[in-house]
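Residue numbers (the numbering used here): 1 to 271.
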């Protein structure tokens with residue numbers, strides 16, 4: 001569920017790209033307190049969420065400049081309470097992702113890495129039912145719906161205003177479903193080859209082309225629901241960047257996955 005939500009870079013102005021990178025690097029800097037692992041595995045979702053929350057709250061941002069341990073160059077970045085909260089949530093979600101990878105692939109490396117990440121009891125409890133459903137190899141629609149509820153619940157708790165909380169829940173609900181299906185499609189052949197549980201491999205008897213064809217309208221519906229919720233948000237700044245992510249980036253990633261282009265990328269391509 002990581003690596004898919006990002007701007008379509010070719011449609012960003014230079015200053016917009018630099019602005020997005022400021023949030024990206026800001027989350028990376030905020031992750032210092034949680035160890036090197038989440039910094040090394042940082043994804044675009046975290047930057048996009050930091051951008052969204054800061055834009056909704058119109059919060060005070062501190063612009064700083066420090067040495068980046070990955071590029072060995074000084075970088076400009078933002079610091080704020082929203083970015084700190086995104087770093088905390090990202091670390092907790094990454095821990096659950098590594099745990100889920102261990103359950104699926106039985107590779108102790110995932111379990112070892114997750115042990116270095118701080119557990120969030122509230123977020124972990126949201127995933128307990130999801131893990132049980134995966135163990136029972138439930139249908140992909142049920143699993144996607146459950147992940148959508150998890151994402152919606154997490155997003156809704158990251159803002160205080162009641163109307164915005166409701167909107168973010170429904171945005172997260174559709175976003176979580178979309179993420180689950182896109183991720184499962186992207187990993188289809190790899191999971192099939194390694195005999196790892198993937199509900200789409202099971203549902204479509206290993207026929208990737210059939211899965212792509214039948215899931216296209218389902219993904220379109222998820223995107224339409226996302227757009228409806230997003231349009232209701234009161235975004236106070238950086239709307240052009242957020243519009244790029246929602247209206248261009250997400251459809252672009254969807255189409256790439258549907259035609260077989262791997263999209264699950266780590267943070268190194270943004271620097």
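No residue lacks a Cβ here, since even glycine has one placed at the ideal position from N, Cα and C.
Here the structure is a predicted model, which means the values were calculated and not measured.
Exclusion of the five residues before and after residue 130 leaves 146 as the residues of its chain whose Cβ lies within less than 6 angstroms of its Cβ. Going by C-alpha positions, residue 98 is about 9 angstroms away from residue 109. Only exposed fits residue 10, as fewer than 16 other CB atoms lie within 10 angstroms of its CB. Short of 7 angstroms from the beta carbon of residue 64, and not among the five residues preceding or following it, lie these beta carbons of its own chain, in chain order: 77, 79. Apart from the 5 residues on each side of it in sequence, residue 177 sits with its Cβ closer than 6 angstroms to the Cβ of 144, 148, 222 in its chain, given in chain order. Note on the region 51-76: whole beta strand (DSSP E) runs with a minimum of 3 residues are 62-67, in chain order. In the three-state scheme derived from DSSP, where H, G and I count as helix and E and B as strand, residue 78 is classed as strand. When the beta-carbon positions are compared, residue 245 and residue 48 come within less than 7 angstroms of each other. In the three-state reduction of the DSSP assignment, residue 237 falls in the coil class, being assigned neither a helical nor a strand state. One alpha carbon belongs to residue 121, the other to residue 96, and they sit about 11 angstroms apart.
Contact annotation: residue 137 and residue 197 have beta-carbon atoms nearer than 7 angstroms.
With respect to the C-alpha of residue 253, the residue from 229, 183, 241, 204 having the closest C-alpha is 183. Non-local beta-carbon contacts of residue 216 in its own chain, meaning distances under 8 angstroms to residues more than five positions away in sequence, involve 258 in chain order. If you ignore the 5 residues before and after residue 117, its C-beta comes within less than 8 angstroms of the C-beta of 34, 35, 37, 38, 91, 92, 94, 95, 98, all in its own chain and listed in chain order. The Cβ atoms of residue 55 and residue 212 do not sit closer than 7 angstroms to each other. By the 16-neighbour rule on beta-carbons within 10 angstroms, residue 115 is exposed.
Shown here, residue 7 sits in coil according to DSSP, grouped into three states, outside any helix or strand. Counting only runs of 4 or more residues that sit fully inside the region 186-254, the alpha helix (DSSP H) segments are 188-194, 199-203, 208-230, 239-243, in chain order. In the DSSP annotation of this structure, the continuous segment of the alpha helix (DSSP H) that includes residue 147 starts and ends at 140-156. By the beta-carbon neighbour count (other beta carbons within 10 angstroms, threshold 16), residue 52 is buried. Here residue 30 carries a helix assignment [DSSP, helix/strand/coil]. For residue 135, the enclosing alpha helix (DSSP H) stretches over residues 121-135. Scanning its chain for C-beta atoms nearer than 8 angstroms, with the 5 sequence neighbours on each side dropped, one finds around residue 200 the residues 140, 181, 184, 185, 188, 211, 215, in chain order. Going by DSSP, residue 111 is part of the alpha helix (DSSP H) stretching over 108-114.
If you ignore the 5 residues before and after residue 68, its C-beta comes within less than 6 angstroms of the C-beta of 75, all in its own chain and listed in chain order. In this structure residue 163 is exposed. Its beta-carbon is surrounded by fewer than 16 other beta-carbon atoms within 10 angstroms.
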